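A short worksheet on the structure shown next.
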Amino acid sequence: MGTLHTVNKSPFQNQTLLSCLAHVKDGDAVLMIEDGVYGATTGTAVSDALAKISADVSLYVLGPDLAARGIDAGRIAEAVNSVDYEGFVDLAATHDRVHNWL
Amino acid sequence: MKFGIVVSEGPYQHQASDSAYNFVKAALAKGHEVSRVFFYHDGVNVGTRLSIPPQDDRQIQEQWTALGKEHDLDLVICIAAAQRRGLLDENEAKRQGKDADNIAEGFRISGLGQLIEMGIQADRTITFGD
Amino acid sequence: MSETIKKFLYVNRKAPYGTIYAQESLEVVLIGAAFDQDVSLAFLDDGVFQLTKGQNTKEIGLKNFSATYRALGDYEVTKLYVEKESLEERGLTLDDLQNIEYEDEDDDYAEKPSIRLVTRAEMADVMADQDVVLSF
């Protein structure tokens, strides 16, 4: 079932998230972890790009990394679902491959 | 399902080894198998037994050693990356004429072929790095 | 060495020398070649800088490993996908990259280019067609 992509960089620091989004296929999933979780909040320079792609790609954010950074769940974009580490494992298991965008 | 894990950043410097640890713990808790954890680039530094983190911080090497013991994990440190960065086991120290070794319990040093073999054998390969 | 043949993709998105990733990625590719898997390399974003001509590290003291890319054909690593948009964004064309060739043993050892210029969309197809994706 497609690819699970992970992104661990803030989109305000470099192009990794945008590069990932430019290479996803319909039905893939993108999980934001570590500093990547800053990309999941609303009202940012990348919000539109995420909202646009959410029609074809499932978007996730790692909850423990959000909490660590003091990002309230209320600030997460509607199209993004929060998962814990077990959810991360499930995503890795249910997709055909994992592509970690480093 | 069988997971193969790559850790390619150093401990304390980067969250990668912590994320990998949390992922492996969760995978094992869900009944999955973790066939190998391969430490590459600065990730090899996770395997030194000589680090002395502050007591109120997490003990990254000890966490991996304990998890490895509990679940019989194959914790492999890449030899090429390790030699560059001064990570040695007893045999390698002797062979290279060094006066000490520093590899922690539960880790072993081996070649890059172990990474490829892991990729072949595991159902999913996941890299935690920068 | 193994009966299973998997499709391995090594993804290179970082420039050489500033960090060790490009060099240690190449070391994995060379070792991995002995395992007779179906190997491809992807060069995109700053990874395209790894393949440029004329690298000279004499004055910075680092090892120049750029010639190793030209030797990949000897290891039967013959699929180097380079993303067109990544080149263009950086003001580069194929002419700025090293000439990397392999001898095609199925075609009377004719010398053929290892670099395959692909669009971003084609690169996405390459990525989606793999069993194992290793990023450096």
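Those protein sequence lines, which keep their order, are chains F, G and X. First residue of the first sequence? That's 234 in the numbering used here, and the numbers climb one at a time after it. First residue of the second sequence? That's 6 in the numbering used here, and the numbers climb one at a time after it. First residue of the third sequence? That's 63 in the numbering used here, and the numbers climb one at a time after it. By construction, the Cβ of each residue, glycine as well, lies at the ideal position given by its N, Cα and C atoms. The model shown is predicted, which means the values in this text are computed figures rather than measured ones.
Would you call the CB atoms of residue i and residue j closer than 8 Å?
i         : j         : result
ILE125(G) : THR66(X)  : yes
VAL110(X) : LEU154(X) : yes
ARG129(G) : ALA326(F) : yes
TYR293(F) : VAL279(F) : no
LEU71(X)  : ALA96(X)  : no
THR114(X) : TYR79(X)  : no
GLN117(X) : SER128(X) : yes
THR132(G) : SER197(X) : yes
PRO244(F) : GLY272(F) : yes
ILE108(G) : ILE114(G) : yes
GLY134(G) : LEU92(G)  : no
LEU251(F) : LEU295(F) : no
THR236(F) : ALA190(X) : yes
VAL12(G)  : GLY48(G)  : yes
LYS68(X)  : VAL194(X) : yes
HIS37(G)  : PHE8(G)   : yes
PHE321(F) : ALA31(G)  : yes
I believe residue i touches residue j by the beta-carbon criterion, under 8 Å. Please report the beta-carbon distance rounded to the nearest angstrom.
i         : j         : result
PHE43(G)  : MET123(G) : 6 Å
ASP298(F) : VAL270(F) : 5 Å
TYR131(X) : ILE162(X) : 6 Å
ASP268(F) : ASN241(F) : 6 Å
Would you decide whether residue i is buried or exposed? Buried here means 16 or more other CB atoms lie within 10 Å of its CB.
i         : result
ILE57(G)  : exposed
ASP166(X) : exposed
PRO59(G)  : exposed
LYS76(X)  : buried
ASN50(G)  : buried
MET63(X)  : Here MET63(X) scores only 49 on pLDDT, less than 50, and its place in the model should not be relied on; the value that follows carries that caveat. Exposed: under 16 other Cβ atoms inside 10 Å.
THR181(X) : exposed
LYS103(G) : exposed
GLN20(G)  : buried
ARG63(G)  : exposed
LEU159(X) : buried
State the beta-bridge partners of residue i as determined by DSSP.
i         : result
ILE131(G) : ILE10(G)
LEU142(X) : LEU103(X), ILE177(X)
ASP166(X) : ALA172(X)
MET123(G) : MET123(G) pairs with nothing; no bridge assigned.
LEU336(F) : Not covered by the structure: residue 336(F). The range shown for chain F is 234 to 335.
THR114(X) : LEU159(X)
In the DSSP assignment, find the alpha helix (DSSP H) that holds residue i and state where it starts and stops.
i         : result
LEU251(F) : 249–254
VAL90(X)  : 83–94
ILE65(G)  : 65–76
LEU283(F) : 280–286
THR236(F) : Where THR236(F) is concerned, there is no enclosing alpha helix (DSSP H), although the beta strand (DSSP E) it sits in stretches over 236–240.
How is the beta strand (DSSP E) around residue i delimited, first residue to last?
i         : result
LYS69(X)  : 69–74
PHE112(G) : 112–115
ASN333(F) : 330–334
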